[in-house]
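Trainee: Provided herewith is a single structure, encoded as structure tokens, for subsequent inquiry.
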């Protein structure tokens, strides 16, 4: 080191500074390599707890301890921390208690966001929707990976973990930048009553046999909670779908399998007592890639239901009629058994408060349907096979605190949205599907026209046309044989 005595102090200082910078740069590159090639789980989407602790240590260094390495190095470490992003959190999923249709379980991610099983075609449709259609669909909010865990109490729970940016596993499609990063870190709000859904004994057995009939339950007006969480004890279909999902995923708990879920806007958010109607639109329900057996089965379902004649059928309904102190639930099996007149009766019941027909809501829904029809007419080559329309209004008679953009003159909220795009096709899928459709989806338009016509006719009816419970049970009995055939067909 004697040669250093002959070096000017300035040169010696520059030498040490350069040495520190080189060392810091090497350290930065090493960290960057280590944290972009971390040992991940099977889906490569979760940083291990050990590495997460290291990241936290580096964050603390970056906040002050690494400032001794020089401004350029500190800036480099800041870039590294920015790339790593904030710590990723896990979210426990709970049942979405307002699910009225479908066979796949819808889960609640957080306040305002739900998640459903990712189907590649539906994922691609949401990522490529025309701007004018986004007004009529739930907002797409990214993708999460869902796994099964055993809680401290020994019960099986579903856990959502974030997928890193650009880590979508669907070939050829990339998530919107930042969409999953924005929403997957939201924490589960405490106090939700839906976690009692597997413990309550207030609803009937959730076997398929018990779900063959419409579910009608009397609700006392006194003592109702301030929110719609009362449905966690009432909605039998949501409970059935959730328990069936847990049963299917129990095996995956042993081998650590995971599946991906879409994050979507919760359309019932902000409604105190959300009345929800799920209507499958169109005369054809099978997609382009369906097998011959699937095509025959779906065609038969359409012929045996109102889909063939009306271009629309009921897939599920829940409605609060607080003025008559009851909540009415109908499932898809009952919807398939309805005749044309029975379908109109179900529509009437959905827009009835128990004392009067909600004409102002119907008029608002009609306006929204006209706008939707106009928009769908512009979607050349689109075919919305097996897609549904979700109609929502609030059973609460009180004025809402915050008016939604879709409100009737009295301030009552309502909404109309398109959902379920697993079998949707358009030009971008023509090579995959082997067919390129021309023009607009006339089957979908036919269903919309029928729905608007029926709602216009219902507006002319009186307030006292609501069928009594006895009349409803008689209709159930008449349709029982037809309904059992549909159920047996689906089970096969």
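Numbering (the UniProt record's numbering), first residue to last: 1 to 492. Ideal Cβ positions, reconstructed from N, Cα and C, are used throughout, including at glycine.
Looking at residue 389: is its Cβ nearer than 8 Å to the Cβ of residue 281?
Mentor: On the chain shown, residue 389 is found 389 positions in, with the first residue counted as 1. On the chain shown, residue 281 is found 281 positions in, with the first residue counted as 1. Taking 8 Å as the Cβ cut-off, residue 389 and residue 281 qualify as a contacting pair.
Trainee: If you drop the 5 nearest sequence neighbours on each side, which residues of the same chain put their C-beta closer than 8 Å to that of residue 350?
Mentor: Taking the first residue of the chain shown as 1, we reach residue 350 at position 350. By the criterion of a C-beta distance shorter than 8 Å, residue 350 is surrounded in its chain by 275, 277, 317, 319, 391, once the five residues flanking it on both sides are discounted.
Trainee: Just checking: is the beta-carbon of residue 296 within a distance shorter than 8 Å of some beta-carbon in chain D?
Mentor: No chain D appears in the structure shown, which is made up of a single protein chain.
Trainee: Taking the alpha carbon of residue 362 as the point to measure from, which residue in 145, 335, 339, 451 has its own alpha carbon closest?
Mentor: Along the chain shown, read from residue 1 onward, the residue named residue 362 stands at position 362. The candidate whose alpha carbon is nearest that of residue 362 is 451.
Trainee: Between residue 323 and residue 247, what straight-line distance do the alpha-carbon atoms span, to the nearest angstrom?
Mentor: In the chain shown, residue 323 corresponds to position 323, counting from 1. In the chain shown, residue 247 corresponds to position 247, counting from 1. When rounded, the separation of the alpha-carbon atoms in residue 323 and residue 247 is 38 Å.
Trainee: Please report the residue range of the alpha helix (DSSP H) in which residue 458 lies.
Mentor: On the chain shown, position 458 is the one that residue 458 refers to. For residue 458, the enclosing alpha helix (DSSP H) has its first and last residue at 442-459.
Trainee: Run through DSSP, which three-state label would residue 520 get?
Mentor: With the chain represented from 1 up to 492, any question about residue 520 goes unanswered, as that position is not in the structure.
Trainee: Given the structure, does residue 353 come close to the ligand MN, in the sense that its CB is under 7 Å from one of the ligand's heavy atoms?
Mentor: Absence of the ligand MN is noted for the structure shown, with no ligands found whatsoever.
Trainee: Short check: CB of residue 312 to CB of residue 447, under 8 Å?
Mentor: Locating residue 312 in the chain shown gives position 312, where the first residue counts as 1. Locating residue 447 in the chain shown gives position 447, where the first residue counts as 1. Against a cut-off of 8 Å, the Cβ pair of residue 447 and residue 312 comes out as a contact.
Trainee: Can you find the residues in the same chain that come closer than 6 Å, C-beta to C-beta, to residue 423, ignoring five residues on each side of it along the sequence?
Mentor: Taking the first residue of the chain shown as 1, we reach residue 423 at position 423. These residues qualify, in order along the chain: 287, 385, 386.
Trainee: What are the uninterrupted segments assigned as alpha helix (DSSP H) that are 4 or more residues long and contained completely in the segment 120-164, given in chain order?
Mentor: 120-127, 131-134
Trainee: Count the other CB atoms, across all protein chains shown, that sit within 10 Å of the CB of residue 335; report buried if there are 16 or more and exposed otherwise.
Mentor: The count along the chain shown starts at 1 and reaches residue 335 at position 335. So residue 335 ends up on the buried side.
Trainee: Over the uninterrupted alpha helix (DSSP H) stretch that includes residue 312, give me the two end residues.
Mentor: Against the chain shown, residue 312 aligns to sequence position 312. Counting along the chain, residue 312 falls outside any alpha helix (DSSP H), though it belongs to the beta strand (DSSP E) covering 312-321.
Trainee: Count the other C-beta atoms from every protein chain shown that fall within 10 angstroms of the C-beta of residue 321, then say buried if there are 16 or more, exposed otherwise.
Mentor: Here residue 321 refers to the residue found at position 321 of the chain shown. Buried, by the Cβ-count rule.
Trainee: Between residue 496 and residue 107, is the Cβ-Cβ spacing less than 8 Å?
Mentor: The structure shown has nothing for residue 496, since the chain only spans 1 to 492.
Trainee: Give a yes or no on whether the C-beta atoms belonging to residue 115 and residue 333 are separated by under 8 Å.
Mentor: Taking the chain shown and counting its residues from 1, one reaches residue 115 at position 115. Taking the chain shown and counting its residues from 1, one reaches residue 333 at position 333. Cβ distance not < 8 Å, so residue 115 and residue 333 don't count as in contact.
Trainee: Can you tell which of 136, 381, 241 has the C-alpha that lies nearest to the C-alpha of residue 97?
Mentor: For the purposes of this step, residue 97 is taken as the residue at position 97 of the chain shown. Checking every option, the nearest Cα to that of residue 97 belongs to 241.
Trainee: Would DSSP call residue 343 helix, strand or coil?
Mentor: Within the chain shown, the letter at position 343 stands for residue 343. Three-state DSSP puts residue 343 in a helix.
Trainee: Which whole-angstrom value describes the C-beta separation of residue 109 and residue 263, a residue pair presumed to lie in contact below a C-beta threshold of 8 Å?
Mentor: In the chain shown, the residue the question calls residue 109 occupies position 109. In the chain shown, the residue the question calls residue 263 occupies position 263. Sure, about 6 Å apart at Cβ, within 8 Å.
Trainee: Whole angstroms are fine: how far does the CA of residue 343 sit from the CA of residue 310?
Mentor: Residue 310 sits at position 310 when you count from the first residue of the chain shown. Residue 343 sits at position 343 when you count from the first residue of the chain shown. Going from the Cα of residue 310 to the Cα of residue 343 covers about 10 Å.
Trainee: Output the distance between the C-alpha atoms of residue 370 and residue 417, rounded to the nearest integer angstrom.
Mentor: In the chain shown, the residue the question calls residue 370 occupies position 370. In the chain shown, the residue the question calls residue 417 occupies position 417. Spanning the two alpha carbons is a distance of roughly 12 Å.
Trainee: Short check: CB of residue 459 to CB of residue 373, under 8 Å?
Mentor: The residue labelled residue 459 in the question sits at position 459 within the chain shown. The residue labelled residue 373 in the question sits at position 373 within the chain shown. Not a contact, by the Cβ cut-off of 8 Å.
Trainee: Whose CA, out of 279, 269, 151, lies closest to the CA of residue 331?
Mentor: Locating residue 331 in the chain shown gives position 331, counting from the first residue. It is 279 whose Cα lies nearest to the Cα of residue 331.
Trainee: What's the call for residue 150, buried or exposed, on a 16-neighbour Cβ count within 10 Å?
Mentor: By 1-based counting over the chain shown, the position of residue 150 is 150. Residue 150 is exposed by the Cβ-count criterion.
Trainee: Can you tell me where the beta strand (DSSP E) with residue 278 in it begins and where it stops?
Mentor: For the purposes of this step, residue 278 is taken as residue 278 along the chain shown, with counting starting at 1. Counting along the chain, the beta strand (DSSP E) containing residue 278 begins and ends at 274-281.
Trainee: Please classify residue 229: does DSSP put it in a helix, a strand, or coil?
Mentor: By one-based count along the chain shown, residue 229 stands at place 229. Confidence at residue 229 is low in this model, with a pLDDT of 47, below 50, so its placement is unreliable and no value can be given for it.
Trainee: So residue 421 and residue 100 are in contact, right, with Cβ under 8 Å, and what is the actual spacing, rounded?
Mentor: For this step, residue 421 is matched to residue 421 along the chain shown. For this step, residue 100 is matched to residue 100 along the chain shown. No, residue 421 and residue 100 are not in contact; Cβ-Cβ is about 18 Å, not under 8 Å.
Trainee: Where does residue 326 fall in DSSP's three states?
Mentor: Taking the chain shown and counting its residues from 1, the one referred to as residue 326 is at position 326. It is a strand residue.
Trainee: Can you say whether residue 570 is buried or exposed, counting buried as having 16 or more other CB atoms within 10 angstroms of its CB?
Mentor: Any property of residue 570 remains undetermined from this structure, which presents the chain solely from 1 to 492.
Trainee: Decide if residue 393 is buried, meaning its Cβ has at least 16 other Cβ atoms within 10 Å, or exposed.
Mentor: In the chain shown, residue 393 corresponds to position 393, counting from 1. Counting Cβ neighbours within 10 Å, residue 393 comes out buried, since at least 16 surround it.
Trainee: For residue 426, tell me which candidate among 368, 376, 354 has the shortest Cα-Cα distance.
Mentor: Walking along the chain shown from the start, residue 426 turns up at place 426. With respect to the C-alpha of residue 426, the residue from 368, 376, 354 having the closest C-alpha is 376.
Trainee: By how many angstroms is the C-alpha of residue 462 removed from the C-alpha of residue 163?
Mentor: Here residue 163 refers to the residue found at position 163 of the chain shown. Here residue 462 refers to the residue found at position 462 of the chain shown. For residue 163 and residue 462, the gap between their C-alpha atoms comes out near 53 Å.
Trainee: Can you tell me whether residue 498 is buried or exposed, with buried defined as 16 or more other CB within 10 angstroms of its CB?
Mentor: The requested residue 498 does not occur in the structure, where the chain is confined to residues 1 to 492.
Trainee: Per DSSP, which one or two residues make a beta bridge with residue 242?
Mentor: Counted from its first residue, the chain shown places residue 242 at position 242. Per the DSSP secondary-structure output, residue 242 pairs with nothing in a beta bridge.
Trainee: Which residues mark the beginning and the end of the alpha helix (DSSP H) in which residue 374 is found?
Mentor: For the purposes of this step, residue 374 is identified with residue 374 of the chain shown, where counting begins at 1. Unbroken alpha helix (DSSP H) run through residue 374: 359-376.
Trainee: Buried or exposed: residue 513, going by 16 or more other Cβ atoms within 10 Å of its Cβ?
Mentor: The requested residue 513 does not occur in the structure, where the chain is confined to residues 1 to 492.
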